[in-house]
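Taking it in order: structure first as structure tokens, then the write-up.
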Amino acid sequence: MAIVAAGALVLSACTSGTSEDDPTNEDGQGTEAEGDGEGTAAPGDDDAETTSEGGEAGGEGQTSKPDLGDITTKDDNIFYSVGADEWAGLNANTTETNSVYNQVVSGRLGSSFWYYGTDGTIYPDTDFGTYKVTSEDPLTVEYTISDEAVWEDGTPITYNDFLFDWAANNPPSIFGEPPAEDDPAAEDFVPAFNNVASDWGIYVPEGPQGELDGKTFTIEYPEPYPDYTLMVGGALPAHVAAEQSGMTPEELVTAIQEGDAEAIMPAAEFWNTGWLSPDKTLPDPMIAQSSGPYTIDAAKGAEWSQGEYITLGPNDKYWGPPPATSNLTFRFAAPETHVQALSNGDLNIIEPQATVDTVQQIEALGDSVTMETGESMTFEHLDFNFAEGSPWHEDNGGLAAREAFALCVPRQQIVDNLIKPITEDAVVMNSREVFPFQEGYEEHVAAIYDGRYDQVDLEAAKAKFEESGLEEGTEIRIGYGAGNQRRVNEVALIKASCDQVGFNIVDASAPGLGDVLSSGDWEIALFAWAGSGTVTGSAFWYESDGAGNYGGWVNEAADAAWETISTTLDEEVQKEQLAIVETEAWNTLHSIPVFAHPGVIAYDSTLDNVIHNSSQTGVAWNAEQWVRTE
Amino acid sequence: MLRFILRRLGISALILVLGSVFLFFITVFSGDPLEDLRESRDRNREQLMEARIRNMNLNDPWYVRYWTWAVGVGKCITLNCDLGTDSRGSDINTALVNAAGSTLRLVTLATVLAIIIGITMGILAAIRQYSGFDYIVTFAAFLFFSLPVFWVAVLLKEYGAIRFNNWIADPSVSLTAAIIIGLLFGLVLASLLGGDLRRKLLTFAVAGLVAFGAITYFDMVSWWRQPALGLGLIILVALGAGVLLTYLTVGRTNRKIFYAALTTIVAGVIGTFVFGGWITEPTYPLLLLMFAISIVSAIVIGWFWGGWDKRIAIWVSIGTAVAFGLATILDQLLRNWGPFLERKPRPISTIGSGSPNFEGPFWTGVWDWGVQLILPTVVLTVISLASYSRYTRASMLETIRQDYVRTARSKGLSERVVITKHALRNALIPITTIVAFDFAGLIGGAVVTETVFGWKGMGALFQEGLTRVDPGPVMAFYLVTGTAAVLMNMIADIAYAFLDPRIRT
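Going down the list, the protein sequences come from chains A and B.
Those letters in the first sequence? Residues 102 to 731, per my numbering, in order.
Those letters in the second sequence? Residues 58 to 562, per my numbering, in order.
Next up, the structure:
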């Protein structure tokens, strides 16, 4: 749960339609990602030059959507469930609705300029539109929306919608700077748009430039912004917002262009509530308009049974490839019920928690069910605490102590015992920024790490321990959020190995990871970073004053490297600098990455085109391509 | 009496308040509401955290947050409750109303069934103390009582849903299975009816053969997929009910009562033909209307036949009419089992309270939600069966040994009158307490059952709140279950005082 739940601003991470056969992807920062628009991530394997065989669904090496050729929509219904949480409304960007549970439905009702491939690579969705960099200084990106792209009522999707989307980021150029955190006014401050996203407003103060009802617009970044691909995704129908707040689209566009905060307020009010469905009944299809392959229009077969399921129907106004199956039903069922429900046909596709038990249960179901295992973009790591008084602090054990610990942590054994039973291909993860299943992983690891901690070497560890001058039996508390059996087992394995070196490993789990981390009552913190996504996003884990740097690692070289990364667009430079960061992280032992979390999907064997996706979008990333073969 | 009630109310309120403080406290400190966000590397992680902190008022100490909640609840006095919003900003009031509705649907039937079956089992076990039946009931009660709900529910889904669905696709009962079922049925019935060895053997043989024969017959005519009762069986069921009711009330002394029941059945048969169209394609209002008509007819029939014992005649007529009606409904349901299977080849789902996008005639629609009630109801019934049967048995045994029962026997009353008129009524007094308690408890006890069967009821509300370390939904759950428990407890006390004159001082 904890890992999944943290969706973030969703610029409609999933899109419709099949991608082109050769997504040349000139701007694709091959990034790992969560199913959110602006995750963060480390670059690493950039220039995702995708193999472009197309064809077979999920063919070897292909990470984009398969090309299904001509599609005739099959009159059928496929059942899928993410969890017990109900859909909350079309607008999945409000602080209330920003979750994977909501996004999985809303994502089917919209399209976007891009989507995440199975390994987190960003692919442009050319059915929706195209974008290209027209200038690098200042960074300018030109977006062109497909001429055919329309909302459900036939209104073309235009610059208006994206201008409104930009305004919904509460740009300071319109609404002023929000009060600082320590400002007493911050307590009562409520932004005009209740939006989880704000980057677009901050980094593009002028907003998108274009003409009323135009199909193209440009975005200019005063500062270099490496994650620009993720900035613009999909949008919500601005003409509906205008109409519902008593304006014409023209008036709304003018109000935003002129920065008239007062005039925008009614539209903001509508944005905050108008696309939500708190009473859990199907919204008016003329308000909650789709731009994707599916619709919530009851006249087209959509249905919402409170607390039970929501069924989507095909959107006949969608201009891209039609959905392979006419109806999708998202059932609101708790994850622990999924395996039995799959076996009984109450669900056709499941993506359960990847545990050994689940995998065995699914295997026991026989041939009628197909299971695929893989890895997800969440990885487990051990963080050192550099606080004063800690054995890792330079005044105490210092680097030698950390090396002793790194030498005794049985990473291979942890993977063999705990992860391989789930997914056989699991490997020890040697990078913090590139996942083993991503392209360029080998290359990146070769540049940052020489394999010295691959094997447990108790002799070397003892020597280092001696060198560090730590006392025999130094207590090492491994802190983590209680309630995770796998982590209990990890700690047990570490204890079995590292106690021989001279450490005294103590399982210091407590309810609430946040309390554990902020209390500082740990020498080692064991947790996972979910996703990531953008080029610069994981900086806060390394930077001396970073909010995610719980251990207090200080490294000037790494700080400088992040500074460079965040101001360059050159992927080669980003790559190089990232290698510097990670080399430092290995040499001075900022942390020890352990493994990427496994992911499991299972589906009725009669279904086609069900493909595991490592990004947080999950298996629903190509839901419009699912189809029953019989 | 008023003082008693007022004092009880005051104490109950105090308990509720203290309990709420305690629950709020332990919920708030059970974990970290921002845990999922802390592991996130999203760009907007700070915004998300701030939004959640704002939604949940996390910057305030727990007692301030409790106070905010309590003030919202205080508005209930003006029927304007404000239970606040959950961690994702959605309204808890709406969620609570929906959840309570769903749970009540689930729990009501289970409670009624548990009461009826449990008390019947308890009485029979007491009357046949130390018989085979008694031992079976005792064994079963303890077994059910100690079963973990979660495990039973998952097993039931495996056998009751998945395997049943596999079986119903091409149903057939093997000879061995039929024999075993026949044997078991015979055994149970023989130990239940009792008597000397010869009689027991006879019951065993007859019952076993009938069961075996019925199953083989069903198998041959593919009854499993196209079942029906038919008018003959309906009449038989109603007749059985009429005989039983007559026997329980007046025995064989007053023939008029039995004639009333018979007339009711005749009226029912006529009604079946008159309302034939309505019965095969009804709506809920039509069903209600027909129900009302049959009750009125029953009253009229009872009135005319009753003579000097009108009251009993009316009740027996009504009972017979209800039995007839239920049998007719069952017949219609069975007839529509086939059409239902065509629409839903795997009839019993493991999750949800119906199948998505179901369309079909009325009776298949009833099947659609009806079958979904079966498994969770079985789980809930089985759990509370234990306490009912044990308590009733103990209470009944105690009553039977009372002096006044012996007096009743010695003055020559028949065993039937002794049991139904003298012993049973007094034995039931303590049971009222348990019934009241149990109903309150079932709402809370359905947490696990709901989760496993995918019902979004009070249990889900509670559980989700707890996983998210979000006191709002947890407290809403407490408000309902806690109040129900306290209220029911009080009602039990008051009812007790009314039922038992000895306490009324």
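Where is the CB? At the ideal position from N, CA and C, for every residue including glycine.
None of these values were measured; they are calculated from a predicted model.
(request) Leaving aside the five residues before and after B:I486 along the sequence, list all residues of the same chain whose C-beta is less than 6 angstroms from its C-beta, in chain order. (result) Taking the first residue of the second sequence as position 1, residue 486 of chain B is located at position 429. Here the set comprises L556, D557.
(request) Note down, in chain order, every chain B residue with its Cβ under 9 angstroms from the Cβ of A:P272. (result) For the purposes of this step, residue 272 of chain A is taken as the residue at position 171 of the first sequence. The premise fails here: A:P272 is roughly 14 angstroms from chain B at the closest Cβ pair, so nothing lies under 9 angstroms.
(request) Whole angstroms is fine: what's the gap from A:E624's alpha carbon to A:V589's? (result) Within the first sequence, the letter at position 523 stands for residue 624 of chain A. Within the first sequence, the letter at position 488 stands for residue 589 of chain A. One C-alpha to the other measures close to 16 angstroms.
(message) Quick check: the Cα distance between A:S444 and B:I219, rounded to an integer number of angstroms?
(response) Translated into positions along the first sequence, residue 444 of chain A becomes position 343. Translated into positions along the second sequence, residue 219 of chain B becomes position 162. Distance between the alpha carbons of A:S444 and B:I219: 7 angstroms.
(message) Rounded to whole angstroms, what is the Cα-Cα separation between B:R463 and B:M453?
(response) Start at 1 with the first residue of the second sequence, and residue 463 of chain B comes out as number 406. Start at 1 with the first residue of the second sequence, and residue 453 of chain B comes out as number 396. Going from the Cα of B:R463 to the Cα of B:M453 covers about 14 angstroms.
(request) Using alpha carbons as the reference points, say which of B:C133, B:L249, B:G131, B:V164 lies closest to B:Y187. (result) For the purposes of this step, residue 187 of chain B is taken as the residue at position 130 of the second sequence. The candidate whose alpha carbon is nearest that of B:Y187 is B:L249.
(request) Measure the beta-carbon distance from A:G302 to A:P272 and round it to whole angstroms, keeping in mind my assumption that it falls under 8 angstroms. (result) Indexing the first sequence from 1 puts residue 302 of chain A at position 201. Indexing the first sequence from 1 puts residue 272 of chain A at position 171. That belief holds up - the Cβ atoms of A:G302 and A:P272 are roughly 3 angstroms apart, short of 8 angstroms.
(request) Starting from A:L618, find everything on chain B with Cβ-Cβ shorter than 8 angstroms and list it in chain order. (result) One-based indexing of the first sequence puts residue 618 of chain A at position 517. The contacting residues are R95.
(request) Indicate the three-state DSSP secondary structure (helix, strand or coil) for A:C115 in the structure shown. (result) In the first sequence, residue 115 of chain A corresponds to position 14, counting from 1. Per-residue confidence for A:C115 stands at a pLDDT of 30, beneath the threshold of 50, marking its modelled position as unreliable; the derived number appears in the next sentence. Correct three-state label for A:C115: coil.
(request) Tell me A:E476's beta-bridge partners as DSSP assigns them. (result) Locating residue 476 of chain A in the first sequence gives position 375, counting from the first residue. In the DSSP output, where bridge partners are listed per residue, A:E476 has A:P699.
(request) Compare the Cα-Cα distances from B:Y553 to each of B:I369, B:L290, B:V492, B:R162 and report the closest residue. (result) Sequence index remark: in the second sequence, residue 553 of chain B carries index 496 (1-based). Closest by alpha carbon: B:V492.
(message) When you compare the CB of B:G270 with every CB in chain A, is at least one pair closer than 7 angstroms?
(response) By 1-based counting over the second sequence, the position of residue 270 of chain B is 213. Not one chain A Cβ lies under 7 angstroms of B:G270.
(request) Could you tell me which uninterrupted beta strand (DSSP E) segments, each at least 3 residues in length, are contained entirely in the stretch 569-600 of chain A, listed from first to last along the chain? (result) 575-580
(request) Return the residues of the stretch 581-614 of chain A that lie within a Cβ-Cβ distance of less than 7 angstroms from chain B, sorted by chain order. (result) G582, P612, G613, L614
(message) Would you call the stretch 408-420 of chain A in contact with the stretch 408-418 of chain B, where contact means no fewer than 3 C-beta pairs closer than 8 angstroms?
(response) yes
(request) Can you grab the Cα-Cα spacing for the pair B:V104 / A:E197, in whole Å? (result) Walking along the second sequence from the start, residue 104 of chain B turns up at place 47. Walking along the first sequence from the start, residue 197 of chain A turns up at place 96. According to the sequence as given, residue 104 of chain B is Gln; it is not Val. Roughly 12 angstroms between the two C-alpha positions.
(request) If I'm right that B:W12 touches B:L387 with Cβ under 8 angstroms, what's the distance once you round it to whole angstroms? (result) One cannot answer for residue 12 of chain B here, as it falls past the ends of chain B, which runs 58 to 562.
(request) Report yes if the C-beta distance between B:G265 and B:G289 is below 7 angstroms; otherwise report no. (result) As a working note, residue 265 of chain B is residue 208 in the second sequence. As a working note, residue 289 of chain B is residue 232 in the second sequence. B:G289 sits away from B:G265, with the two beta carbons spaced by 7 angstroms or more.
(request) Go ahead and pull the three-state DSSP assignment for A:T382. (result) Counting from 1 along the first sequence, the entry for residue 382 of chain A is found at position 281. A:T382 falls in the coil class under three-state DSSP.
(request) Give the straight-line distance between the Cα atoms of B:R102 and A:G649, rounded to the nearest whole angstrom. (result) On the second sequence, position 45 is the one that residue 102 of chain B refers to. On the first sequence, position 548 is the one that residue 649 of chain A refers to. Spanning the two alpha carbons is a distance of roughly 10 angstroms.
(message) Taking the alpha-carbon of A:G467 as reference, which of A:Y704, A:T669, A:M387, A:K233 has the nearest alpha-carbon?
(response) Against the first sequence, residue 467 of chain A aligns to sequence position 366. Ranked by how close their Cα comes to the Cα of A:G467, the residues A:Y704, A:T669, A:M387, A:K233 have A:Y704 in first place.
(request) Pick helix, strand or coil for A:Q310, following the three-state DSSP scheme. (result) Translated into the one-based positions of the first sequence, residue 310 of chain A becomes position 209. In the structure shown, A:Q310 sits in a strand (DSSP, three-state: E or B).
(message) Give the list of continuous alpha helix (DSSP H) stretches no shorter than 4 residues that lie fully inside the stretch 304-388 of chain B.
(response) With a minimum length of 4 residues, the continuous alpha helix (DSSP H) runs that stay inside the stretch 304-388 of chain B are 312-331, 333-337, 341-363.
(request) Write down every uninterrupted run of the alpha helix (DSSP H) in the stretch 211-238 of chain B whose length is 4 residues or greater and which is fully enclosed by it, in chain order. (result) 221-226
(request) Would you list the residues sitting across from A:T241 in a DSSP beta bridge? (result) Working through the first sequence from its first residue, we reach residue 241 of chain A at position 140. Per DSSP, A:S236, A:E321.
(request) Report yes or no: do three or more beta-carbon pairs, one from the stretch 591-610 of chain A and one from the stretch 498-509 of chain A, lie closer than 8 angstroms? (result) yes
(message) Between B:P413 and chain A, is the shortest Cβ-Cβ distance under 7 angstroms, so that the two count as touching?
(response) As a working note, residue 413 of chain B is residue 356 in the second sequence. Answer yes: the Cβ-Cβ gap between B:P413 and chain A drops below 7 angstroms somewhere.
(message) Less than 7 angstroms between the beta carbons of A:F290 and A:P306, yes or no?
(response) As a working note, residue 290 of chain A is residue 189 in the first sequence. As a working note, residue 306 of chain A is residue 205 in the first sequence. No; because the gap between Cβ atoms is not below 7 angstroms, this pair is not in contact.
(message) Between A:G570 and A:G498, how many whole angstroms is the CB-CB distance? I'm expecting something under 8 angstroms.
(response) One-based indexing of the first sequence puts residue 570 of chain A at position 469. One-based indexing of the first sequence puts residue 498 of chain A at position 397. Going by Cβ atoms, the distance from A:G570 to A:G498 rounds to 7 angstroms, so yes, they are a contact pair.
(message) Tell me which residues share the same chain as B:S279 and place their Cβ nearer than 7 angstroms to its Cβ, disregarding the 5 neighbours each side in the sequence.
(response) As a working mapping, residue 279 of chain B is identified with position 222 in the second sequence. For B:S279, where only same-chain residues beyond five positions count, there are no Cβ hits under 7 angstroms.
(message) How far does the alpha helix (DSSP H) with A:Y329 in it extend, from its first residue to its last?
(response) Numbered from its first residue, the first sequence carries residue 329 of chain A at position 228. Counted as a single uninterrupted DSSP element, the alpha helix (DSSP H) harbouring A:Y329 occupies residues 329-332.
(message) Given a cut-off of 7 angstroms on the beta-carbon distance, is the pair A:A268 and A:D484 in contact?
(response) Taking the first sequence and counting its residues from 1, one reaches residue 268 of chain A at position 167. Taking the first sequence and counting its residues from 1, one reaches residue 484 of chain A at position 383. Cβ atoms of A:A268 and A:D484: not closer than 7 angstroms.
(request) Just confirm the distance between the C-beta atoms of A:T164 and A:T241, as a whole number of angstroms; I'd bet it's less than 8 angstroms. (result) On the first sequence, position 63 is the one that residue 164 of chain A refers to. On the first sequence, position 140 is the one that residue 241 of chain A refers to. That pair is no contact at about 28 angstroms.
(message) Which residue wins for smallest C-alpha separation from A:S716, given the options A:S706, A:A631, A:D600, A:S610?
(response) In the first sequence, residue 716 of chain A corresponds to position 615, counting from 1. Sorting A:S706, A:A631, A:D600, A:S610 by C-alpha distance to the C-alpha of A:S716 places A:A631 at the top.
(message) I'd like the span of the beta strand (DSSP E) that includes B:S441, first residue to last.
(response) Here residue 441 of chain B is taken as the residue at index 384 of the second sequence, counted from 1. Element bounds for B:S441: not the beta strand (DSSP E) but the alpha helix (DSSP H), 419-457.
(request) Just the chain B side, please: which residues come within less than 8 angstroms of A:S406 by C-beta, in chain order? (result) Within the first sequence, numbered from 1, the residue matching residue 406 of chain A stands at position 305. What A:S406 touches in chain B: G411, P413.
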